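Trainee:
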Amino acid sequence: MEIPYTVEIRRDTGLTNGKIGIWLFLASEVMLFGALFASYILIRTGAPVWPRGDTILNVPLATFNTIVLISSSVTMVMAWASLKRNRFGTFRMYMGATILLGATFLVVKYFEYSHKFELGLFPSTSNFLALYFTLTGLHMLHVIGGMAVNAYFWGPGAKLWKTNPEWFTNRVEHSGLFWHFVDLVWIFLFPTLYLL
Amino acid sequence: MAFPRLNMLSYWSFFLGGVTMLVSFFVPGGSAQSGWTSYAPLAVIASTGQTVWLFGMVFLITSSLLGAINFIATTIQLRAKGLTFMRFPFFVWAQFVTAFLLLLAFPPLEAAAFMQLMDRLAGTSFFLPSGLVVSGQVLTNAGGGNPLLWQHLFWFLAHPEVYVLILPAMGIVAEIIANNTRKPLWGYRSMVYSLIFLGFMSFIVWAHHMFMTGMGTAMAAFFQTTTMIISIPSVVILTALIISLWGGSIRFNTPMLFACGFLPMFGIGGLTGLPLGLNVTDIPLHDTYYVIAHFHYVVAPGTIFALFAGIYYWYPKATGRKMSETLGKIHFAGSFVCMNVVFMPMFIMGLAGVSRRLYDGGAGYAFAQPVLHWNIVSSWGAWALGLFQLPFIFNFFWSIWKGEKAEDNAWQATTIEWAAAPSPPPHGNFHVAPEAYRGPYEYSVPGAARDFVPQCEA
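Heads up: the sequence lines are chains U and W, in that order.
Residues in the first sequence are numbered from 7 upward in steps of one, following the working numbering.
Residues in the second sequence are numbered from 30 upward in steps of one, following the working numbering.
#1: Can you list, in chain order, the residues of its chain with a C-beta nearer than 6 Å to that of residue 227/W? Leave out the 5 residues immediately preceding and following it.
#2: Kindly identify the DSSP beta-bridge partner or partners of residue 21/U.
#3: What are the uninterrupted segments assigned as alpha helix (DSSP H) that are 4 or more residues long and contained completely in the region 172–258 of chain W, given in chain order?
#4: Just to make sure I have the definition right: I need the residues of chain U whose C-beta is within less than 7 Å of the C-beta of residue 79/W. Which are they?
#5: Quick check on residue 121/U: buried or exposed, where buried means 16 or more other Cβ atoms within 10 Å of its Cβ?
#6: Counting only Cβ pairs nearer than 8 Å, list the residues of chain U close to residue 174/W.
#7: Would you check if the distance between the CB atom of residue 122/W and the CB atom of residue 200/W is smaller than 9 Å?
#8: Quick check: the region 365–376 of chain W against the region 455–464 of chain W, are at least 3 beta-carbon pairs closer than 8 Å?
#9: Using beta-carbon positions only, say whether residue 447/W and residue 351/W come within less than 9 Å of one another.
#10: Give the residues from the region 305–333 of chain W that approach chain B closer than 9 Å (Cβ to any Cβ), ordered along the chain.
#11: Using three-state DSSP, classify residue 318/W as helix, strand or coil.
#12: Once you ignore the five residues that flank residue 148/W on each side, which residues in its own chain have a CB closer than 8 Å to its CB?
#13: Rounded to the nearest angstrom, what separates residue 223/W and residue 128/W at their Cα positions?
#14: Against residue 420/W, what residues of chain U qualify as contacts under a CB-to-CB distance less than 9 Å, listed in chain order?
#15: Could you run through the region 137–156 of chain W and flag, in chain order, every residue whose CB is less than 9 Å away from some CB of chain U?
#16: Out of curiosity, what's the CA-to-CA distance linking residue 421/W and residue 339/W?
#17: Is the region 471–487 of chain W in contact with the region 378–393 of chain W, if contact means three or more CB pairs nearer than 8 Å?
#18: DSSP three-state label for residue 156/W, please.
#19: Below 6 Å CB to CB, which residues in the same chain sit around residue 148/U once its five sequence neighbours on both sides are set aside?
#20: Going by CA-CA distance only, name the one from 385/W, 374/W, 393/W that's closest to residue 400/W.
#21: Going by C-alpha distance, which of 306/W, 335/W, 337/W is nearest residue 323/W?
#22: Along chain U, in chain order, which residues have C-beta atoms closer than 8 Å to that of residue 170/W?
#23: State the DSSP-derived secondary structure class of residue 353/W, mapped to helix, strand or coil.
#24: Does DSSP put residue 145/W in a helix, in a strand, or in coil?
#25: Would residue 182/W pass as a contact of residue 151/W if the rule is Cβ separation under 9 Å?
#26: Rounded to the nearest angstrom, how far is the Cβ of residue 31/W from that of residue 49/U, given a contact under 8 Å?
#27: Please classify residue 433/W: does DSSP put it in a helix, a strand, or coil?
#28: Out of curiosity, what's the CA-to-CA distance linking residue 146/W and residue 46/W?
#29: For residue 117/W, which three-state DSSP category applies?
#30: Specify the secondary structure class of residue 172/U as computed by DSSP and reduced to three states.
#31: Taking residue 469/W as the reference, give the member of 117/W, 361/W, 176/W with the closest Cα.
#32: Helix, strand or coil: which one does DSSP assign to residue 372/W?
#33: Please list the segments of the beta strand (DSSP E) lying wholly inside the region 260–323 of chain W, counting only runs of 3 or more residues, in order along the chain.
#34: With a cut-off of 8 Å, do at least 3 Cβ pairs link the region 35–43 of chain W to the region 83–97 of chain W?
#35: Label residue 410/W either buried or exposed according to how many other C-beta atoms from any shown protein chain fall within 10 Å of its C-beta, with 16 as the threshold for buried.
#36: Taking only runs of the beta strand (DSSP E) that begin and end inside the region 60–112 of chain W, which ones reach a length of at least 3 residues, in chain order?
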């Protein structure tokens, strides 16, 4: 039996199955990061002293990373829009750029992390650093996950474009929704950890 | 399901989680020993088993998360033609709301599990306060953490989790009561709205598990108020189910007996919860046998009776044969009596102040002496209860091959799974996709040829 509404939209809900699935998943992700931010607030308000983020962390690097991630969101949208306009070549280019920008983010983060370790700053050093490493670490896992999915659609997953272009376009849109969410989490993490 | 691969992933992730938990028994120092709540700081300083337990939890949480997404998407997207939300059987509504609870309540526990893993593996101090002394040694960690943070994150899941246990049970009981009273459910819409309200409220009552932590009177006042409010929709649903019995020509088959058993047992469980929801009465009752009795009246004769009812009710659909009624009735009568023998004495012991965590069960405590003999009654009840499950286990397997053959619609039910699918259902469930033309409980409609009109009959 064929599963309905994988490609065509169900009229009374106005959604495909995949669209509703990714939004539900993002709702649960909001709760995950919501709990982490709530923990941050609780631990910070309970602490007698709390360092300013910019005295420990590297704000210029993080600003650069913020620009990188926001740009990657733009290229992600462009990738999807190219498919909508039936231009597969431009899709490959923009999707490739999205993946590379994600990789740039990770490389910068790697230098930030290793610099901290060199200075003897570990998660166990203080609760500020514990929160910094846990929150950014979980965020990085999400970046890697998003990159893996995007790489799949750039490479082997793109075969679907030949047989069912509409379905493929929808899948790229859903992967994009996740990518924007990952970007959005960073936009909250950046001021919370580096600036406040 | 809307996402078959996700369904499989959710199953295997659950399997992996279960195996991981079992593996924890074989690591040095033994399995997790911090209780099901894994309270910090005890859980943070516990042996390796706790780490394995946490990894197992992450897999289990992922599994129910993926399952919840699948259930919700399927319910919204793959409804039969004409099956509007207010034509859902009540059980479908119950599962739908339950999936939302799982979807939104589990991630904070996942976050907490990650943080506890960080505490255990990376030496952070999320849940470790400064200057903690373990075995006479002051811990050298950074400190400044908050053990209460774990409790908040944990109960943010664990209270909705209680409703994850009870809402499907209510759904099952509603199906069986409508079917065996041969009447529509009384107040179907109010029940649905109560269910949704219940689901929503279950997110803002969690700290009533924490009155003893000294979290402050303002917090306690807030959470005891929400706790009192959440009892209202539960009472609405229970009352609607009881009124549904009124004036029905009831068929007392085994599923119906269990469903009827559910009503007073859940009632006792629910009403004895009120003193625990109020700050003042909770403080003396906290962590006593009273809590155990209350909770088990909700989930043992409550949820488990509903599950038994559901097994007896849907067994013919799954296998094409009915379970033995005689054995079923023995199972019901024995379980009903024994459940009360097990748990009623715990109320008496709890009210006398016997705590659930005394290392010798209370033998060395003077105040426990007048009531401690109830422990023996309770134990005998437990053994007898176990004995009365034997007819069920035998019945369950014997009936697969030797049970009385059942028709496709064994209980003359109106809902689509009975009226449109063969028993057992073939691949894809239906030969032709069914359509819904009416509400789920059109029983005893005046002027109709039979006393039930299936949803899928034009």
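For each residue, glycine too, the CB sits at the ideal point set by N, CA and C.
Fair warning: this is a prediction, and the values are worked out from it, not measured in the lab.
Mentor: Reading off the structure:
#1: Numbered from 1 along the second sequence, position 198 holds the residue referred to as residue 227/W. So the qualifying residues of the chain are 262.
#2: One-based indexing of the first sequence puts residue 21/U at position 15. In the DSSP output, where bridge partners are listed per residue, residue 21/U has 16/U.
#3: 176–210, 217–230
#4: Counted from its first residue, the second sequence places residue 79/W at position 50. Per Cβ cutoff of 7 Å: no residues; residue 79/W is ~18 Å from chain U at best.
#5: By one-based count along the first sequence, residue 121/U stands at place 115. The residue is exposed, with fewer than 16 neighbouring Cβ atoms inside 10 Å.
#6: Counted from its first residue, the second sequence places residue 174/W at position 145. Within chain U, the residues near residue 174/W are 49, 133.
#7: Locating residue 122/W in the second sequence gives position 93, where the first residue counts as 1. Locating residue 200/W in the second sequence gives position 171, where the first residue counts as 1. Yes, Cβ-Cβ distance for residue 122/W and residue 200/W is below 9 Å.
#8: no
#9: Mapped onto the second sequence, residue 447/W falls at position 418. Mapped onto the second sequence, residue 351/W falls at position 322. Contact: no.
#10: Of the protein chains in this structure, namely U and W, none is chain B.
#11: Residue numbering aside, residue 318/W sits at position 289 when the second sequence is read from its first letter. Of the three classes helix, strand and coil, the one that applies to residue 318/W here is helix, per DSSP.
#12: Translated into positions along the second sequence, residue 148/W becomes position 119. These residues qualify, in order along the chain: 69, 73, 154, 155, 156, 157, 174.
#13: Looking up residue 223/W in the second sequence gives position 194. Looking up residue 128/W in the second sequence gives position 99. One C-alpha to the other measures close to 16 Å.
#14: Position 391 of the second sequence, counted from the start, is the residue given in the question as residue 420/W. Those do not exist, as residue 420/W stays about 39 Å from chain U at its closest Cβ, beyond 9 Å.
#15: 137, 138, 139, 140, 141, 143, 144, 147, 148, 151, 152, 153, 154, 155
#16: Taking the second sequence and counting its residues from 1, one reaches residue 421/W at position 392. Taking the second sequence and counting its residues from 1, one reaches residue 339/W at position 310. Roughly 13 Å between the two C-alpha positions.
#17: Short answer: they don't touch.
#18: As a working mapping, residue 156/W is identified with position 127 in the second sequence. The answer is coil: DSSP assigns residue 156/W none of H, G, I, E or B.
#19: Within the first sequence, numbered from 1, the residue matching residue 148/U stands at position 142. Cβ within range, chain order: 188.
#20: Indexing the second sequence from 1 puts residue 400/W at position 371. Answer by Cα proximity: 374/W.
#21: Here residue 323/W refers to the residue found at position 294 when the second sequence is read from its first residue. Sorting 306/W, 335/W, 337/W by C-alpha distance to the C-alpha of residue 323/W places 306/W at the top.
#22: Here residue 170/W corresponds to residue number 141 of the second sequence, with the count starting at 1. The contacting residues are 130.
#23: Start at 1 with the first residue of the second sequence, and residue 353/W comes out as number 324. Looking at residue 353/W - three-state DSSP - the assignment turns out to be coil, as it is neither helix nor strand.
#24: Counting from 1 along the second sequence, the entry for residue 145/W is found at position 116. Residue 145/W falls in the helix class under three-state DSSP.
#25: Taking the first residue of the second sequence as 1, we reach residue 182/W at position 153. Taking the first residue of the second sequence as 1, we reach residue 151/W at position 122. No, Cβ-Cβ distance for residue 182/W and residue 151/W is not below 9 Å.
#26: Here residue 31/W is taken as the residue at index 2 of the second sequence, counted from 1. Here residue 49/U is taken as the residue at index 43 of the first sequence, counted from 1. About 39 Å; that fails the 8 Å criterion.
#27: Locating residue 433/W in the second sequence gives position 404, counting from the first residue. In this structure, residue 433/W counts as coil in the three-state DSSP scheme.
#28: In the second sequence, counting from the first residue as 1, residue 146/W sits at position 117. In the second sequence, counting from the first residue as 1, residue 46/W sits at position 17. Going from the Cα of residue 146/W to the Cα of residue 46/W covers about 16 Å.
#29: Reading the second sequence from its first residue, position 88 is the one you call residue 117/W. Reduced to three states, the DSSP call for residue 117/W is coil.
#30: For the purposes of this step, residue 172/U is identified with residue 166 of the first sequence, where counting begins at 1. Helix at residue 172/U.
#31: Here residue 469/W is taken as the residue at index 440 of the second sequence, counted from 1. Nearest of 117/W, 361/W, 176/W to residue 469/W, Cα basis: 117/W.
#32: Against the second sequence, residue 372/W aligns to sequence position 343. Helix, per DSSP.
#33: none
#34: yes
#35: Translated into positions along the second sequence, residue 410/W becomes position 381. It counts as buried.
#36: Look at the region 60–112 of chain W and you find no whole run of beta strand (DSSP E) that is 3 residues long or longer.
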